[in-house]
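In the working numbering, the protein residues as written are 3 to 888. Glycine included, every Cβ here is placed at the ideal spot set by N, Cα and C. Bear in mind the structure is a predicted one, so any value in this text is a computation, not a measurement.
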C-alpha cells in the first residue's frame, strides 16, 4: 500500500507536524483535555476532538483565540466486542483538529487541509478523493475551482454520510477527504467507489461546516457566525503515512504489541486466534493507561466501570495467550515511553498508573478461576438442556458480574464462543437499582436545569472578592421560579446575581458560603452559593423581610464564623496532603475533597489501609506545621511558573494559562482557587477522625480543626464520664482494668452457661432416644430445645452418635427471632446414603429457610418460627426419600 515517493512519518512526528502547521496559520495550540469531561455531565468520557470545545461553540465561554488546534485523547466503547476481532476497531484514539469559532469558514478550511495533505505530507493528489454533501454546491465550487480538485474525484453523498447534526442546535454539511489504497485493497466489485464498505477508500479527515441552527424538526436557519470543526484520526493518518494496513501496525502501537508478544512468547500474524488476543490487550492497555492517568479508578459504576471492563477483558485475553500472572502493569512502561513526549504527565504519574492497574489485575486474578468455573457450568447446563434457543438467564449473568466481577460484555463474549446468548433484559433489570443511583448522581452533579436556559446568554460581569467578608455591591439579576424577574419579595425563594460578592461559590471541594444580602430593612438570607454552568455566582436563598429589585445597591455579608471554619479545614487539607506524601510516598495525589465548616474530608491515591502508627505520624506533622505559625500566601501566576515552583495540581484536572497558587511556606504548594487562613496558627488544632477505603486505590481521611476539635474532645469526655458512672469507677484511668475484669467475668459466665446448656441438651436428647424411629437401615430422632447454643447441639449430637452409629438426628433450637437446625448422621447412616448438607437444606426449605454443610453434620436456619413444626414433621419423609433413591 505504501506509496514509495511519500515520506514515512512516525505517529509522534505526525502529531507535532499537524499542530505546528496550524499554529503557523494563526491557531492557538491547546493541550488535550483530560478524558474525564470538565463541567459537562452529558458525557461519561471525552469521545471526540470537539467535545471539550463545546462550551466555545455554544457561546458559554470565550475561547483564547477564534482559531484553535488540538490533538485530543478520546475513548469510545460502543464497538468494544469487535475490538480484536477486526484489525480496524479500537477504544482509544487521538483526534487531530483545527477549529474556527466564528472566524474563517470553507475557503480557509479547505485551503489549509489541502495544503497540509499535499505539501506538508506530500500525499499524491491522484490518491485523494473528496466527498461533499449532495446539496452543497458551494463546497463543490471551492474544491474544484479554487483547490484544483478534479470534478470526477468529488463524490456527493446524502445526509446520513455528509451532514453533521445531533438533535437541535448548530449543524451543517461535511466534506470528507479519502485516501485510495489501490485496487488490491478493494472488494473487486465494478461499483467499488468512495462510500463502499471495503478497505480501499480510507476516510481520514472530516471537515464540518457548521452553518445552520436546527430546531430538531427539520427547519434550518443560517448562523450569523458559522464555525469550522474538523477531525482527523491520528492513528488512521499514521497508517497512510507508514504504509500499513491498520492501527495495530503503526509504529508506537506496534511497539506495545511487541512487548505483549514477548511476555506471551508468541508472534503476531502466525495464528489468528492469538492475533485477536494481542489486538485486544494492545488496544485496552492504551486506553486504561490514559484513563488512569486522567484520574479514573476501577469501580462498578460510570467511567470506573468502563475502565474495569477494559482491564478485565485485557486480563482475560492475556490468559488466552497463556499468561497466567499479572502482566498488564509491565506493559504500562512501553505505553508511557511511546507517549511521554506528547503527554509528560504519564511519566510523572507512572508509579501510580502501574499500581492501580496491577491491583485491579490481581483482584480479578483472585476471582477469575471461580468465575470461569461457574460460567463453564452455566454453559454446560445450557448445552445439555436440549432447548432450541441457547440462552443464559439474566440473573445468572448478573451474579457473575456482582460476585466475580465479570462485566456483561466479557460473559457475552465467552458465551458467544459456544453459540450461546445472554438474557440482557434480565441482566439490566438486576442492574436497575445501580443505574438509578448513577442517574441520580449525574442529575445532582449536573446542577439545576433552568440555570443554563435563563443565564447562559447574559452579557454581565460578576466577580468574587478574595479576602473580604462584606462588600457594597449592586444586584445585577434576580431569578425566581426559573424566570428572570425584576423584583422578589418577602417569603419568596430565588437567586440573586451581584456585581461584586464576598460569597465563595461551591467549587474545588469547598462548600459555598452562607450569609445575608441587605438593603435597609430588607434582608435576603443566602442559604447556599453555587456557580452556573456559564460561571455566574448564584446566591441561593429567600427573602426574610422587605423586597429587592434588580439594579439596587445592597450590602453582601458572609457568615464570618462559618467561613473561618471552612478556611481552617481547607488549609488543613493542603497540609494533610503534604504530610501524606511525606509519610506514604510521592504516589499520593488528591482524588477529591469536601471541606465545610464542620470537617475536612480528603480522598487520596494509596493502595492499602494507612496504619495507626502512620496516622499518628501524619497527624503530628500537620500539627507541627500549625504550631510553626507559617504564613500562607495565595498568588496568581502563569501555569508554567507554577509548575517551576513545584505546585501540585488536582489529579486529572485541566487548568487555564493563569492559575492561583496557595503556598504554605514552601511546605505545601498547590493550585487552588479556594479560601485559606493567612497563617497556619489560625487553624488551632488538627485531629484525624477516620481513615477508610473509598474505591480501589483510593483512601479517605476525615479530620476536624479548631473549635471542632474541642467539641470532639468534649464529646469524648462526656462518653468517658458516663461510662465511668455505668461501671462504677472513680475515673477514666481505672476503666482499662475494670473493662478487662468485666470481659473475663463475661467469658467465665459464657463458659458456665455453655457447660450447663450442653448438659441439659445431652439429658434432653437421652430421654428422646426412646422415641427413635426406624426408617429402613437408619434410626431417626428429632429433639427441640429453647435457646441452645451451637456447641450444645453438637455435644448432644455426639452423645447420640456414640450410642447409635446408624442415627440420623434433627436438633432444633428455638430462639427469640429464629430457629437453628443441626442435622447429624452416624457412620452407618452415612453408608446408607445420608448427606446432612443436602438433608438440612431440604428440611429448612419446607419452612422457607436455608442451610447446607458437610455429609456428617450441617447447619440450617428458619426465620418464621410458626413454620418450624411443619419442617420437623416433614423430616422423616425426607429421610425416607433419600434412602429410597440410594
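The residue from 677, 215, 743 and 232 with its alpha-carbon nearest to that of residue 224 is 215. For residue 543, the enclosing beta strand (DSSP E) starts and ends at 539–547.
Secondary structure remark: continuous alpha helix (DSSP H) runs of at least 4 residues inside the segment 200–247, in chain order: 236–244.
The distance from the Cβ of residue 792 to that of residue 811 is about 15 Å, inconsistent with a contact at the 8 Å cut-off. In this structure residue 44 is exposed. Its beta-carbon is surrounded by fewer than 16 other beta-carbon atoms within 10 angstroms. Within the segment 81–130, the complete alpha helix (DSSP H) segments of 4 residues or longer fall at 108–117, listed in chain order. In this model, residue 719 and residue 686 are separated by some 20 Å (Cα to Cα). Per DSSP, residue 172 is one residue of the beta strand (DSSP E) stretching across 171–182. With contact defined as three or more Cβ pairs closer than 8 Å, the segment 224–235 and the segment 94–102 are in contact. Taking each of 181, 211 and 355 in turn and checking the Cα distance to residue 239, the smallest one comes out for 181.
The alpha-carbon separation between residue 399 and residue 376 amounts to approximately 10 Å.
Residue 8 and residue 119 have their C-alpha atoms roughly 11 Å apart. In the structure shown, residue 787 falls within a strand segment according to DSSP collapsed to helix, strand and coil.
Taking C-alpha positions only, residue 291 is separated from residue 337 by approximately 7 Å.
Around residue 869, the same chain offers 849 and 850 as residues with beta carbons nearer than 7 Å, after the five sequence neighbours per side are excluded. The distance from the Cβ of residue 411 to that of residue 82 is about 6 Å, consistent with a contact at the 8 Å cut-off. DSSP lists 816 and 864 as the bridge partner or partners of residue 821. Residues of the same chain with a CB within less than 8 Å of the CB of residue 468, apart from the 5 flanking positions on each side, are 636 and 677 in chain order. Judged by DSSP in its simplified three-state form, residue 711 adopts helix.
Of the candidates 600, 651 and 581, 581 places its Cα closest to the Cα of residue 628. Under DSSP, the beta-bridge partners assigned to residue 695 are 701. The distance from the Cβ of residue 834 to that of residue 878 is about 14 Å, inconsistent with a contact at the 8 Å cut-off. Between residue 313 and residue 320, the gap from beta carbon to beta carbon reaches 8 Å or more.
Excluding residues up to 5 positions away in sequence, 393, 395 and 396 lie with their Cβ nearer than 6 Å to the Cβ of residue 425 in the same chain.
Scanning its chain for C-beta atoms nearer than 7 Å, with the 5 sequence neighbours on each side dropped, one finds around residue 50 the residues 76, 97 and 233, in chain order.
Beta-carbon to beta-carbon, residue 545 and residue 626 are separated by about 48 Å, too far to satisfy the 8 Å threshold. Judged by DSSP secondary structure, residue 292 falls within the alpha helix (DSSP H) whose first and last residues are 274–295.
As a beta-bridge residue in DSSP terms, residue 495 pairs with 544.
Taking all protein chains shown into account, residue 10 has fewer than 16 neighbouring C-beta atoms within 10 Å of its C-beta and is therefore exposed.
With a threshold of 16 other beta carbon atoms within 10 Å, residue 543 meets it and is buried.
Rounded to the nearest whole angstrom, the CA to CA distance from residue 178 to residue 206 is 7 Å.
Taking every protein chain shown into account, the CB of residue 761 has fewer than 16 other CB atoms within 10 angstroms, so this residue is exposed. A buried status is given to residue 415, since no fewer than 16 other beta-carbon atoms sit within 10 Å of its beta-carbon.
Under the DSSP assignment, residue 569 falls in the alpha helix (DSSP H) whose first and last residues are 562–586. For residue 507, no beta strand (DSSP E) run applies, since DSSP gives it neither H nor E. In this chain, the alpha helix (DSSP H) harbouring residue 805 covers 792–805.
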